[in-house]
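Scroll down for the structure; my scribbles are underneath it.
2 protein chains.
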Amino acid sequence: MDKEISQAVIRRMPRYYRYLGELIDAGVERISSGDLSSRMNVTASQIRQDLNNFGGFGQQGYGYNVKYLYDEIGKILGLGEKHSIIIIGAGNLGQALANYVEFEKFGFAITALFDINPALKGRQVRGIAIHMIEELEAFTKEHPVDIAALTLPKSKAEAMASQLAGLGITAIWNFAHVDLDLAGQNVLVENVHLSDSLMQLSYNIAKDKPRHAAPQ
Amino acid sequence: MDKEISQAVIRRMPRYYRYLGELIDAGVERISSGDLSSRMNVTASQIRQDLNNFGGFGQQGYGYNVKYLYDEIGKILGLGEKHSIIIIGAGNLGQALANYVEFEKFGFAITALFDINPALKGRQVRGIAIHMIEELEAFTKEHPVDIAALTLPKSKAEAMASQLAGLGITAIWNFAHVDLDLAGQNVLVENVHLSDSLMQLSYNIAKDKPRHAAPQ
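So the protein lines, in turn, are chains A and B. In terms of the numbering used here, the first sequence is numbered consecutively and its last residue is 253. In terms of the numbering used here, the second sequence is numbered consecutively and its last residue is 253.
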């Protein structure tokens, strides 16, 4: 792919992938962009435009081959390759990620957790060992690491991200409440801000509320 | 606010709010859209456009009053009011959410967790009780619930969401790997798909990889 595709389009791709996966599970082999559109609650023209960024995949009036489209979107999303993930921070969130088997279905294998809490030393989550953070450098020398997930307090995330970059890790999945920006270090960062989505929900709650409640 | 504001604008608001909070912590009282723009890595015109949706808040050549803008965006996001949240599913993710003190800073108070696992009965997370799911109906009759967070397997999320809607809960923060759609039941849903962001990261990893590795 030589053309730069907008991140807005990319952000919609996992959703297509998820819906197509459900169609496969339901035994559907072929679907029109109109049917896909009403299921996904986006316009058919949006679907066609999005997929045209990657060359189309459909034929006018004939619809999409569900399995083919699913596989192609998977390739676009880089899911054809296995990715190994380490998790820095083995608290509840880190353990929740390690327990989430769904990720493996998509080729993401969690290979280790790291923490500073000595009480966690030697423990495992779903068979995945929790290491002490001192072992991080040795671990990265012996095992390939594609992605590091950070489930750390905000105050520690920035320094840890730099350390990871120094160890040659080039992709960070950041759950700390700060926008990590390591562009200068050639590291990809995906920030997940749970409170942002909560605020979006509370915006919609406030918006729907009548300004002046009717007297009872 | 009578004008409908696009969800894309709303999605950016929590990020403004986060950055402005950091500026306040750093003692900054006033900032130009240019300075805010370079910190946030968005264009100054985007910032002005976004804020103009709500009436502006700044004066040409004079910049924004940080604290005022922070408070106003907080109001827009509905953060002026307290929200009580219950968490359905007290596994690692549910417990991680209950442990996340940051939410309280924004007025979101987690008041209870619910689970089906009898081993969790009577336990607490940060002082918040884990109830058995049978107690849900009684609880919602006695306590106001603004938002229910679902940290359940996909297979159980849909039925639980309907049950919650039946109990009069009108906002769901959904972590199950499915797009809940309860529009017919007049329930607001915010879906959080952790694997979507992981896929976006893997797309960017794949994109940056050279197609043909140079010989070593």
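Cβ atoms here follow ideal geometry from the backbone N, Cα and C, with glycine treated the same way.
Excluding five sequence neighbours on each side, which residues of the same chain lie with their C-beta closer than 8 Å to the C-beta of residue i?
{"i": "Ala174 of chain B", "result": "With the sequence shown as reference, residue 174 of chain B is identified as Glu, and Ala is not the correct amino acid for it. Correct list, in chain order: Leu204."}
{"i": "Arg52 of chain A", "result": "Met77"}
{"i": "Ile153 of chain B", "result": "Met169, Ile170"}
{"i": "Leu219 of chain A", "result": "Ala198, Ser199, Ala202, Ile209, Val226"}
{"i": "Gly58 of chain A", "result": "Tyr107"}
{"i": "Ser232 of chain A", "result": "His214"}
{"i": "Tyr56 of chain A", "result": "Leu73, Arg76, Met77"}
{"i": "Gly159 of chain B", "result": "Ala166, Ile167"}
{"i": "Val65 of chain A", "result": "Val103"}
Would you mind giving the Cβ-Cβ distance between residue i and residue j, rounded to the nearest angstrom? I have them listed as a contact below 8 Å.
{"i": "Val229 of chain B", "j": "Ser234 of chain A", "result": "5 Å"}
{"i": "Ile147 of chain B", "j": "Ile170 of chain B", "result": "16 Å between Cβ atoms; not a contact."}
{"i": "Asp209 of chain B", "j": "Val226 of chain B", "result": "In the sequence under discussion, the amino acid at residue 209 of chain B is Ile, which differs from the Asp named in the question. That belief holds up - the Cβ atoms of Ile209 of chain B and Val226 of chain B are roughly 5 Å apart, short of 8 Å."}
{"i": "Asn3 of chain B", "j": "Asn129 of chain A", "result": "The structure shown has nothing for residue 3 of chain B, since chain B only spans 38 to 253."}
{"i": "Ala194 of chain B", "j": "Ala166 of chain B", "result": "Not really, about 23 Å apart at Cβ, beyond 8 Å."}
{"i": "Met236 of chain A", "j": "Phe143 of chain B", "result": "7 Å"}
{"i": "Gly92 of chain A", "j": "Tyr54 of chain A", "result": "About 16 Å; that fails the 8 Å criterion."}
Using a 10 Å radius around the Cβ and a threshold of 16 neighbouring Cβ atoms, would you call residue i buried or exposed?
{"i": "Ala185 of chain A", "result": "buried"}
{"i": "Arg163 of chain A", "result": "exposed"}
{"i": "His168 of chain B", "result": "buried"}
{"i": "Tyr99 of chain B", "result": "exposed"}
{"i": "Ala251 of chain B", "result": "Low per-residue confidence applies at Ala251 of chain B: pLDDT is 41, beneath 50, and the placement is therefore not dependable, though the value from the model is reported in the following sentence. Classification for Ala251 of chain B: exposed."}
{"i": "Asn223 of chain A", "result": "exposed"}
{"i": "Leu239 of chain B", "result": "Correcting the residue type first, residue 239 of chain B is Ser in the shown sequence and not Leu. So Ser239 of chain B ends up on the buried side."}
{"i": "Val103 of chain B", "result": "buried"}
{"i": "Gly221 of chain A", "result": "exposed"}
{"i": "Glu41 of chain B", "result": "exposed"}
{"i": "Ala45 of chain B", "result": "exposed"}
{"i": "Glu172 of chain A", "result": "exposed"}
{"i": "Glu109 of chain A", "result": "buried"}
{"i": "Gly115 of chain B", "result": "buried"}
{"i": "Asp245 of chain B", "result": "exposed"}
{"i": "Asp62 of chain B", "result": "exposed"}
{"i": "Ala156 of chain A", "result": "exposed"}
Residues bridged to residue i by DSSP?
{"i": "Arg67 of chain B", "result": "B:Asn102"}
{"i": "Asp152 of chain B", "result": "B:Met169"}
{"i": "Phe140 of chain A", "result": "Note: Phe140 of chain A sits in no beta bridge, so no partner."}
{"i": "Leu225 of chain B", "result": "B:Ala208"}
{"i": "Phe145 of chain B", "result": "B:His120"}
{"i": "Leu187 of chain A", "result": "A:Ile125, A:Asn211"}
{"i": "Val182 of chain A", "result": "Partner(s): none; Val182 of chain A has no beta bridge."}
{"i": "Gln161 of chain B", "result": "B:Ala166"}
Which chain A residues sit within Cβ distance under 8 Å of residue i?
{"i": "Pro181 of chain B", "result": "The contacting residues do not exist; Pro181 of chain B stays about 13 Å from chain A at best."}
Counting only the same chain and skipping the five closest in sequence on each side, list residues whose C-beta sits under 6 Å from that of residue i.
{"i": "Gly117 of chain B", "result": "none"}
{"i": "Asn241 of chain A", "result": "none"}
{"i": "Glu139 of chain B", "result": "none"}
{"i": "Ile47 of chain A", "result": "none"}
{"i": "Asp39 of chain B", "result": "Residue confidence for Asp39 of chain B is low, a pLDDT of 49 falling below 50, so the modelled location carries little weight; the figure read from the coordinates is stated next. None."}
{"i": "Leu88 of chain A", "result": "Phe94"}
{"i": "Ala127 of chain A", "result": "Leu150, Asp152, Leu157, Ile167"}
Can you list, in chain order, the residues of its chain whose CB lies under 7 Å from that of residue i, leaving out five sequence neighbours each side?
{"i": "Gln132 of chain B", "result": "Val162"}
{"i": "Pro181 of chain A", "result": "Ser121"}
{"i": "Phe145 of chain A", "result": "His120, Ile122"}
{"i": "Met197 of chain B", "result": "Ile125, Leu187, Leu189"}
{"i": "Gln253 of chain B", "result": "Note that Gln253 of chain B scores a pLDDT of 36, beneath 50, so its modelled location is shaky; the value from the coordinates is reported in the next line. If we look at Gln253 of chain B and ignore the five residues flanking it on each side, it has no Cβ neighbours."}
{"i": "Ser43 of chain A", "result": "none"}
{"i": "Ile84 of chain B", "result": "Ser70, Leu73, Ser74"}
{"i": "Lys191 of chain A", "result": "Ala213, His214, Val215"}
{"i": "Ala149 of chain A", "result": "Ile123, Ile165, Ala166, His168, Phe176"}
{"i": "Thr80 of chain B", "result": "Ser74"}
Along chain B, in chain order, which residues have C-beta atoms closer than 7 Å to that of residue i?
{"i": "Ser239 of chain A", "result": "Leu114, Gly115, Leu116, His120"}
{"i": "Gln132 of chain A", "result": "Asn129"}
{"i": "Arg48 of chain A", "result": "Gln237"}
{"i": "Leu208 of chain A", "result": "Looking at the sequence provided, one finds Ala at residue 208 of chain A rather than Leu. Within 7 Å Cβ-Cβ: Leu238, Ile242."}
Using the beta-carbon of each residue, which ones in chain B are nearer than 8 Å to residue i?
{"i": "Val229 of chain A", "result": "Leu231, Ser234"}
{"i": "Gln83 of chain A", "result": "Within 8 Å Cβ-Cβ: nothing; Gln83 of chain A doesn't reach chain B, min ~14 Å."}
{"i": "Phe94 of chain A", "result": "Residues of chain B passing the Cβ test: none, with the nearest at roughly 17 Å."}
Which residues of chain A have a Cβ atom closer than 9 Å to the Cβ of residue i, listed in chain order?
{"i": "Leu139 of chain B", "result": "Reading off the sequence, residue 139 of chain B comes out as Glu, not Leu. Per Cβ cutoff of 9 Å: Lys191, His214, Leu231, Ser232."}
{"i": "Ala149 of chain B", "result": "Neighbours of Ala149 of chain B on chain A: none; closest Cβ ~17 Å, over 9 Å."}
{"i": "Pro51 of chain B", "result": "His230, Ser232, Asp233, Ser234, Leu235, Met236, Gln237, Tyr240"}
{"i": "Phe91 of chain B", "result": "Neighbours of Phe91 of chain B on chain A: none; closest Cβ ~11 Å, over 9 Å."}
{"i": "Phe176 of chain B", "result": "The contacting residues do not exist; Phe176 of chain B stays about 20 Å from chain A at best."}
Name the chain B residues whose beta carbon is nearer than 9 Å to that of residue i?
{"i": "Leu225 of chain A", "result": "Leu238, Asn241, Ile242, Asp245"}
{"i": "Ala63 of chain A", "result": "Per Cβ cutoff of 9 Å: no residues; Ala63 of chain A is ~13 Å from chain B at best."}
{"i": "Ile184 of chain A", "result": "Leu235, Leu238, Ser239, Ile242"}
Whose Cβ in chain A lies nearer than 7 Å to the Cβ of residue i?
{"i": "Gln136 of chain B", "result": "Sequence check: residue 136 of chain B is Asn here, not Gln. Within chain A, the residues near Asn136 of chain B are Asn129."}
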